[in-house]
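If you're matching them up, the sequences are chains V and H in order.
With our numbering, letter number 326 in the first sequence gets 1637, and the count goes up by one each step, no holes.
With our numbering, letter number 33 in the second sequence gets 48, and the count goes up by one each step, no holes.
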Amino acid sequence: MSTQAVLTDDLFAPEVIADPYTYFGALREIEPVHRNDRFGLWLVTGYEELVWILRHHELFSSAVIRHVEAPPYPPVDAADLPLFDEIRDFRANQLVEQDRPEHLHQRGVVHGYFTPKAMERWRPFVRSAVAELLDGVHAKGSMDVLTELAAPLPVRIIAEMMGVPYEDRDRLRAMADGILYINRGEPYRLRPLARAVRGIVDYASPLVRERIVDPGTDFISVLAEGENRGVFDRRQVLVNTGLLLFAGHETTMNLICNGLLAFIRNPEQWERLRADPKGMARLATEECLRYDPPVKSTQRIAAEDVEIAGRTIRKGESLRWIMAAANRDPAVFSDPDTFDIGRQPNPHLSFGSGIHYCLGATLARVEGQEVFRGLAERFSRFELATDRIEYQPSLQFRSVKSLPVRWPA
Amino acid sequence: MTKPPRRVPAALDIYVDHDRCVGNAMCLTLAPGVFAHNARRQSEVVDPEGDAIADIIVAAENCPTAAILLSDAATGEPYEV
Ligand code: HEM
Ligand code: SF4
């Protein structure tokens, strides 16, 4: 059966953006490795296939931005196209876009900062940041979860890790918010994005200069140390400062929003969490990550011809691996479309797999656990204050545009 | 919370939890004499004495999913990294 006959090939179709699970789930059942000619992409939706690809980094390059010439999509104002090249250059220099051997050297510089044990030490700070945000809204009876909790929290944590002085927090927040335009559909979006990228370089440059000679315990110092050791040049230090600000922002934001939305739509799971917030927070966070993952898909490029699931991906062709579909593969997860916060084991792929496995995974987990625990301890119930949840038109991120909720006094 | 200093075991039992290992390969870089990838690109212990104890501990610490579990080979006591 031809997939084209039954399914649209428009990956930005409103119904695909609104509900990627039905669409990519259908693709996974028909053809777990599928060619989409309209976008010139292979779409990988099967769990086994996806893990195999991610664990074979020598066959699938991460240097996507450098090699893909496609213009921005959805389209942008033509006058802004020069900005696109500037932003591409910034992103192409980030750790996540490198292949071995450079990737190994660069990851070696930052990896030790993010070990599970080191991140566990941040839990008290995360908990107090959550408490402060929740105490601030509690009496209001309503909030937009996105702008009042999910967006500010990760920036606060990252700012602390960067060692940014308190009075600069708002400036950092503005840059972090600017970077979110990467994932939007507005035709003017390259302008706030380029402003944010330049803002980060301008802001971080003097901090890096200081820390090259006088390192502290923050992670700009860790990156600066990488320059001292000859692994990074200055541009890479700045660009990776930007990566950390970005990689931990939109992703964590989505974990919080998508997770809370799942709880609102599955009240019996919310009651289960409320019965034991501290005890259930860990497994519940994993299930939120699996069920409605912050990142729906990301990209690779075949480094040589590869045969997989009966198809041949040619050298140089692009593929997207769609963890949103693999996380619901019935070959691995029973009742995959059910939100079950007791699910165990839960080998979801929301942080990727292989050598690029999310550097911030433990931190993100700690943040998710403390948020869901903090919410369940303080609030008896939430209801949606809208009848329509809208998502950003992105293939990569599963981002609500807003999440207005209210609660009984 | 400060804990009393621990004695590092003279020999380690090393176990890789394959429900957790995501094939990040950090352990292969940090203790290449001990760990190797299998066909699924998950880590296996090929020689528990293939590297210095200190390197094995560093490898376990740096596993991003804490999949490497160590214990004192003499007493069986878990050695938490
Ligand atoms: C729920 C939150 C998060 C999710 C779902 C997530 C997801 C991911 C995924 C899927 C990848 C792999 C990309 C690829 O293989 O192409 C990745 C990589 C990465 N993540 Fe995260 N992430 C989250 C939070 C964070 C945080 C909090 C940080 C840092 C503070 C972070 C930093 C990074 C970095 C630096 C990489 C690149 C690693 C490499 O290439 O070796 N992430 N993340
Ligand atoms: S470092 Fe951990 S996740 Fe990576 S291969 Fe070794 S055991 Fe597996």
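By construction, the Cβ of each residue, glycine as well, lies at the ideal position given by its N, Cα and C atoms.
Outcome for residue i when other beta-carbon atoms lying within 10 angstroms are tallied against a minimum of 16
i: residue 1312 of chain V; result: Because residue 1312 of chain V carries a pLDDT of 47, less than 50, the predicted location of this residue cannot be relied on, and no value is offered for it.
i: residue 1390 of chain V; result: exposed
i: residue 1659 of chain V; result: buried
i: residue 1655 of chain V; result: exposed
i: residue 1378 of chain V; result: exposed
i: residue 1537 of chain V; result: buried
i: residue 1657 of chain V; result: buried
i: residue 1491 of chain V; result: buried
i: residue 1649 of chain V; result: exposed
i: residue 1455 of chain V; result: buried
i: residue 1570 of chain V; result: buried
i: residue 1449 of chain V; result: exposed
i: residue 1345 of chain V; result: buried
i: residue 1330 of chain V; result: exposed
i: residue 1673 of chain V; result: buried
i: residue 85 of chain H; result: buried
i: residue 1607 of chain V; result: buried
i: residue 1552 of chain V; result: buried
i: residue 1384 of chain V; result: exposed
i: residue 94 of chain H; result: buried
i: residue 1351 of chain V; result: exposed
i: residue 61 of chain H; result: exposed
i: residue 16 of chain H; result: In this prediction, residue 16 of chain H scores a pLDDT of 49, lower than 50, which makes its location untrustworthy; no coordinate-derived value is stated.
i: residue 1392 of chain V; result: exposed
i: residue 1462 of chain V; result: buried
i: residue 1661 of chain V; result: buried
i: residue 1698 of chain V; result: exposed
Within chain V, the residues that residue i reaches when beta carbons sit closer than 7 Å
i: residue 66 of chain H; result: By Cβ distance, chain V contributes nothing, its closest Cβ being about 17 Å from residue 66 of chain H, past 7 Å.
i: residue 76 of chain H; result: 1426, 1428
i: residue 8 of chain H; result: Outside the shown range of chain H (16 to 96) lies residue 8 of chain H, about which nothing can therefore be said.
i: residue 96 of chain H; result: 1428
Contact set between residue i and chain V, taken where Cβ atoms lie within less than 8 Å
i: residue 56 of chain H; result: 1366, 1367, 1665
i: residue 79 of chain H; result: 1422, 1425, 1426, 1427, 1668, 1669, 1670, 1672, 1673
i: residue 31 of chain H; result: By Cβ distance, chain V contributes nothing, its closest Cβ being about 15 Å from residue 31 of chain H, past 8 Å.
Within chain H, the residues that residue i reaches when beta carbons sit closer than 8 Å
i: residue 1658 of chain V; result: 34
Residue range of the alpha helix (DSSP H) that includes residue i
i: residue 1514 of chain V; result: 1501-1524
i: residue 1327 of chain V; result: 1325-1329
i: residue 1720 of chain V; result: It is not in any alpha helix (DSSP H) - residue 1720 of chain V carries neither H nor E in the DSSP assignment.
i: residue 85 of chain H; result: Unbroken run through residue 85 of chain H is the beta strand (DSSP E), 83-87; no alpha helix (DSSP H).
i: residue 1395 of chain V; result: 1392-1403
i: residue 1532 of chain V; result: 1530-1539
i: residue 51 of chain H; result: First-last for residue 51 of chain H: 50-52, but that is the beta strand (DSSP E), not the alpha helix (DSSP H).
i: residue 1439 of chain V; result: 1434-1448
i: residue 1582 of chain V; result: 1578-1586
Rounded Cβ spacing between residue i and residue j (contact assumed at less than 8 Å)
i: residue 1453 of chain V; j: residue 1611 of chain V; result: Actually they are not in contact, since the Cβ atoms of residue 1453 of chain V and residue 1611 of chain V sit about 42 Å apart, beyond 8 Å.
i: residue 1444 of chain V; j: residue 1457 of chain V; result: That pair is no contact at about 12 Å.
i: residue 1711 of chain V; j: residue 1568 of chain V; result: 5 Å
i: residue 58 of chain H; j: residue 31 of chain H; result: 5 Å
i: residue 37 of chain H; j: residue 1664 of chain V; result: 5 Å
i: residue 52 of chain H; j: residue 43 of chain H; result: 7 Å
i: residue 1679 of chain V; j: residue 1518 of chain V; result: Not really, about 28 Å apart at Cβ, beyond 8 Å.
Per DSSP, the bridge partner or partners of residue i
i: residue 1347 of chain V; result: V:1352
i: residue 1610 of chain V; result: V:1631
i: residue 1623 of chain V; result: V:1618
i: residue 1711 of chain V; result: V:1702
i: residue 1695 of chain V; result: V:1716
Beta strand (DSSP E) segment containing residue i, residue limits
i: residue 30 of chain H; result: 27-31
i: residue 1716 of chain V; result: 1715-1717
i: residue 1453 of chain V; result: 1453-1455
i: residue 1408 of chain V; result: Counting along the chain, residue 1408 of chain V falls outside any beta strand (DSSP E), and DSSP gives it neither H nor E.
Residue i: contacting residues in chain H (beta-carbon distance under 7 Å)
i: residue 1415 of chain V; result: 44
Chain V residues whose Cβ lies nearer than 9 Å to that of residue i
i: residue 61 of chain H; result: None at all; the shortest Cβ gap to chain V is about 18 Å.
CB contact check: residue i to chain C, cutoff 9 Å
i: residue 1419 of chain V; result: The chain inventory of the structure shown lacks chain C, comprising the protein chains V and H.
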